[in-house]
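*Asks:* Let me begin by handing over the structure; questions about it come next.
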Amino acid sequence: MAATEAPLAPAIAPPPPVTVQDAARSSDRSRVHLARLANRRWSLLWLLVGPGILAMLGENDGPSMIAYASDGAQYGIGFFVPFIPLLFAMAFVCQEMCMRVGAVTHRGYGELVLQRFGPVWGWFAAADLTLTNLITLVAEFVSIRVGLAYFHLGSVVAVVLGLTLVVFTFSGGRYWRWERIVLGMALFNGLFLLAAILVKPHVGALARSFDFTPFPGGSFNTLLLLLASTIGATVTPWMIFFQQGASADKGMTPRDISHGRYDTAAGAVLAAIFGIGALVAGAALVSRGGAGIQGFAGAGYPQALSHVVGSAAGTVFALGLIEAGAVAILTISASTAYAAAECVGVTHSFNSFPREAALFYAANFGVALLAALVILIPGAPLLSIALNANVLATVLLPVSLVFMVMLANDRGLMGRFANRRSTNVIGIAVIAFVGICGAAYGIDSFLLATHVIG
Amino acid sequence: MKPRDAGCAELGRPTPPPAAKPARTAEPDPVPVEAGPAAVEAGPAAVEAAPENELIMHLERDQFVAETSRPVARATLGRYAVPALWALRVFAVTVSAMVVYTFITQLN
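In order, the protein sequences belong to chains A and B.
The numbering of the first sequence is this note's numbering, which starts it at 210 and goes up by one.
The numbering of the second sequence is this note's numbering, which starts it at 4 and goes up by one.
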């Protein structure tokens, strides 16, 4: 009898239970499907951009822009104009891997490291991130304070502004809303380009600087500091956690990888242009021997620019610092929240409400609050903290990058979306370069500090 | 050794049948019908009342919270990978300590 029965229909797995988070993500994805079906290319691009631009422009944060401006003020634009795009090209290689792993696995970096390589490595990664994020967030509040000081406003306003923004972006329990608010703010990073235009740079000198000359002078240690802090201004551990977590939270899939690449590339190009803007604006101070750096803890850079090239440039630079700090507070806090909630194994999505993802939102706000409290401490060494934040990030970055490359090569996870050989070669070269620069500065500085070398 | 396009075997889920999950290279998904933000904002009850199939059409099966909550299998690291990772970790911590020491010295 059995042989004469009609063949059974293929078994269909029952649909998984739908949570509020799934429903919200599904709603966002429905627009992507519609745009793809209707072949609306620009609409599709608009829907899929976000994590890449946010990671890149978020990294054009207060300390980074100050680092670029310092480079310009002390050494002029030579060497750094081509060096900054080179660094962002390196950042693109790393961030593209994060986007791809997030889109294929639908999981964050911390979660994957913890589950795939064990809790020790997962918690190490989260601890690294929390430490560097906390220090960097202090530097972001410093940056807002520096910008506000130009307008004669103090630390308390900086703290209230930063924390209010964090709480404001939580509203709605939707990743899409959070992303668009932060994306809108991030575009004001272009203020640094405006500042560069206002200082009226010599176009011929800008064009000539693409031959990497003149090479910055000074001591070996200063050069290493310069390299380490500039690298730390471009590629950092939080970007890895953020872009992978945000790509998964956004609901990206392998079909979206090409758009994810456009998103990341657009972010890298914009960030490089705006970074060069800060460098060029800072270079306006080079004839004054980098004046303004010493007054950084007050309103140094904007004030110095205002004196040298006019109040418009100073005002725009100050507003840029406020924007850079504010956007970075949002993205860096988010990366901390993703890492903490992923490692603990609880809900980690902006598509959930605070009552459903208490740890995620608490970590997001808590780390910002802790950093804010530091800048309220009278006499805290804010300048030193800001300048060392990038260096520490550079030193800890190779570990995060190694795990990133391992995940992107994991064919069990990634299947045919795993890294190609050429991506691995570039990725390993980036890790080696970052590792050598960070270690060289750390060791050389330590030997100088302990008077082992003169 | 796994073939190059073996799929994502370690994501801790059975491979869904074609009817339940279209292949990534398949034609675009059917025209979706949005559950609507109102249902999403209204919470779980409204979401459950919404037609589930329509929501599922917009998400790959492994995107659902129920699926991503399942841990991926532990990777088997090579013979030299674990010592190399520990060496990198010790190196990073040591250099970080040097940077922090230098920072504190400069403050003083």
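We put the beta carbon where it would ideally sit given N, CA and C, even for glycine.
(1) Would you mind working out which of A/Ile584, A/Ile637, A/Asn628, A/Phe612 sits nearest A/Phe333, comparing C-alpha positions?
(2) Let me see if you follow: with CB-CB separation under 8 Å, is A/Phe326 close to chain B or not?
(3) Does the count of Cβ pairs from the segment 431 to 440 of chain A and the segment 235 to 245 of chain A closer than 8 Å reach three?
(4) Please name the residue, chosen from A/Glu268, A/Ala649, A/Asn633, that lies closest to A/Gln452 on a Cα-to-Cα basis.
(5) For B/Leu110, count neighbouring Cβ atoms within 10 angstroms of its own Cβ and tell me buried if that reaches 16, exposed if not.
(6) Please decide whether A/Arg238 counts as near chain B, where near means a Cβ-Cβ distance under 8 Å.
(7) Below 8 Å, can you find three or more Cβ-Cβ pairs linking the segment 421 to 430 of chain A to the segment 572 to 587 of chain A?
(8) Pull up the CB-CB distance for A/Ser274 and A/Gly529, whole angstroms please, since I reckon it's below 8 Å.
(9) Beta-carbon within less than 7 Å of B/Ser99's beta-carbon, same chain only, minus the 5 sequence neighbours each way: which residues are those?
(10) Which of the three DSSP states is assigned to A/Leu362 in this structure?
(11) For B/Val96, collect the residues of the same chain with a Cβ closer than 8 Å to its Cβ; drop the 5 residues on either side in sequence, then sort them by chain order.
(12) Is it buried or exposed, A/Gly509, if we count other Cβ atoms within 10 angstroms and call 16 or more buried?
(13) Contact defined as beta carbons within less than 8 Å: I believe A/Phe569 pairs with A/Ala546. What is the distance between those atoms, to the nearest angstrom?
(14) What is the C-beta distance between A/Asn560 and A/Gln230, in whole angstroms, given that I count them as a contact (C-beta under 8 Å)?
(15) Using the beta-carbon of each residue, which ones in chain B are nearer than 8 Å to A/Phe333?
(16) Just curious, the alpha helix (DSSP H) that A/Phe655 is in, first and last residue?
(17) Should B/Arg82 be flagged as near chain A, meaning a C-beta pair shorter than 8 Å?
(18) For B/Pro74, which residues in chain A fall below 7 Å Cβ to Cβ?
(19) Just checking: is the beta-carbon of A/Ile652 within a distance shorter than 8 Å of some beta-carbon in chain B?
(20) If we call anything under 8 Å between Cβ atoms a contact, is A/Ile293 one with A/Ala598?
(21) From the DSSP output, in three-state form, read off A/His315 for me.
(22) Can you give me the C-alpha to C-alpha distance between A/Thr668 and A/Gly427, rounded to a whole angstrom?
(23) Which parts of the segment 553 to 594 of chain A are runs of the alpha helix (DSSP H), unbroken and 4 residues or longer, counting only runs that do not cross its ends?
(24) When burial is assigned at 16 or more other CB atoms within 10 Å of the CB, is A/Ser609 buried or exposed?
(25) Could you please give the first and the last residue of the uninterrupted alpha helix (DSSP H) stretch that includes A/Ser236?
(26) If we define contact as Cβ-Cβ less than 8 Å, is A/Thr315 a contact residue for chain B?
(27) Could you give the distance in angstroms between the alpha-carbon of A/Val351 and the alpha-carbon of A/Phe419?
(28) Please check the pair A/Leu591 and A/Ala278, which I expect to be a contact at CB under 8 Å, by giving their CB distance rounded to whole angstroms.
(29) Please determine, among A/Leu362, A/Ala367, A/Arg625, A/Arg250, the residue with the shortest C-alpha to C-alpha distance to A/Ile353.
(30) Taking C-beta pairs closer than 8 Å, name the residues in chain B that A/Val611 reaches, listed in chain order.
(31) Can you give me the start and stop residues for the alpha helix (DSSP H) that A/Ala405 sits inside?
(32) Candidates A/Gly311, A/Ala264, A/Ala300: which alpha carbon is nearest A/Met623's?
(33) Confirm, please, whether the CB-CB distance from A/Gly287 to A/Ala405 is below 8 Å.
(34) Straight-line CA distance for A/Gly271 to B/Val68?
(35) Do A/Ala492 and A/Ala336 have their CB atoms nearer than 8 Å?
(36) With DSSP run on the structure shown, which of helix, strand or coil describes A/Met623?
*Replies:* Checking against the coordinates, here is how it stands:
(1) Closest in C-alpha terms to A/Phe333, from the list A/Ile584, A/Ile637, A/Asn628, A/Phe612, comes A/Phe612.
(2) Taking 8 Å as the CB threshold, A/Phe326 lines the interface with chain B.
(3) Pairwise C-beta distances place the segment 431 to 440 of chain A out of contact with the segment 235 to 245 of chain A, as fewer than three of them are shorter than 8 Å.
(4) A/Gln452 has its Cα closest to that of A/Glu268, out of A/Glu268, A/Ala649, A/Asn633.
(5) B/Leu110 is exposed by the Cβ-count criterion.
(6) So yes, A/Arg238 belongs to the interface.
(7) At 8 Å Cβ cutoff, the stretches do not touch.
(8) It is worth fixing the name first, because residue 274 of chain A is Met in this sequence and not Ser. Contact holds; Cβ gap of about 7 Å.
(9) Nothing meets the Cβ criterion.
(10) Three-state result, A/Leu362: coil.
(11) So no residue of the chain qualifies.
(12) Classification of A/Gly509: buried, given that the 10 Å Cβ count is 16 or more.
(13) Contact holds; Cβ gap of about 5 Å.
(14) With a Cβ gap of about 4 Å, A/Asn560 and A/Gln230 count as contacting.
(15) Result: Arg92.
(16) Note, A/Phe655: alpha helix (DSSP H), 630 to 658.
(17) With 8 Å as the cut-off, B/Arg82 does not count as an interface residue toward chain A.
(18) In chain order: Gln324.
(19) For A/Ile652, a Cβ of chain B is located within less than 8 Å of the residue's own Cβ.
(20) In this structure, A/Ile293 lies away from A/Ala598, with their beta-carbon atoms at least 8 Å apart.
(21) The answer is coil: DSSP assigns A/His315 none of H, G, I, E or B.
(22) No answer is possible for residue 668 of chain A: it lies beyond the span of chain A, which begins at 210 and ends at 663.
(23) Those alpha helix (DSSP H) runs which fall completely within the segment 553 to 594 of chain A and span 4+ residues are 567 to 584.
(24) With 16 or more Cβ atoms within 10 Å of its Cβ, A/Ser609 is classed as buried.
(25) It spans 229 to 246 - the alpha helix (DSSP H) in which A/Ser236 sits, taken as one unbroken run.
(26) The displayed chain sequence assigns His, not Thr, to residue 315 of chain A. It does; some Cβ of chain B falls within 8 Å.
(27) In a straight line, the C-alpha of A/Val351 is about 32 Å away from that of A/Phe419.
(28) The Cβ separation is near 17 Å, so there is no contact.
(29) Selected option, being the one with the closest Cα: A/Ala367.
(30) By Cβ distance, chain B contributes Leu88, Leu91.
(31) Residues 400 to 407.
(32) Considering only alpha carbons, the answer is A/Gly311.
(33) In this structure, A/Ala405 keeps its C-beta atom at 8 Å or more from the C-beta atom of A/Gly287.
(34) Whole-angstrom Cα-Cα distance: 36 Å.
(35) Against a cut-off of 8 Å, the Cβ pair of A/Ala336 and A/Ala492 comes out as no contact.
(36) For A/Met623, the secondary structure class from DSSP, reduced to helix, strand or coil, is helix.
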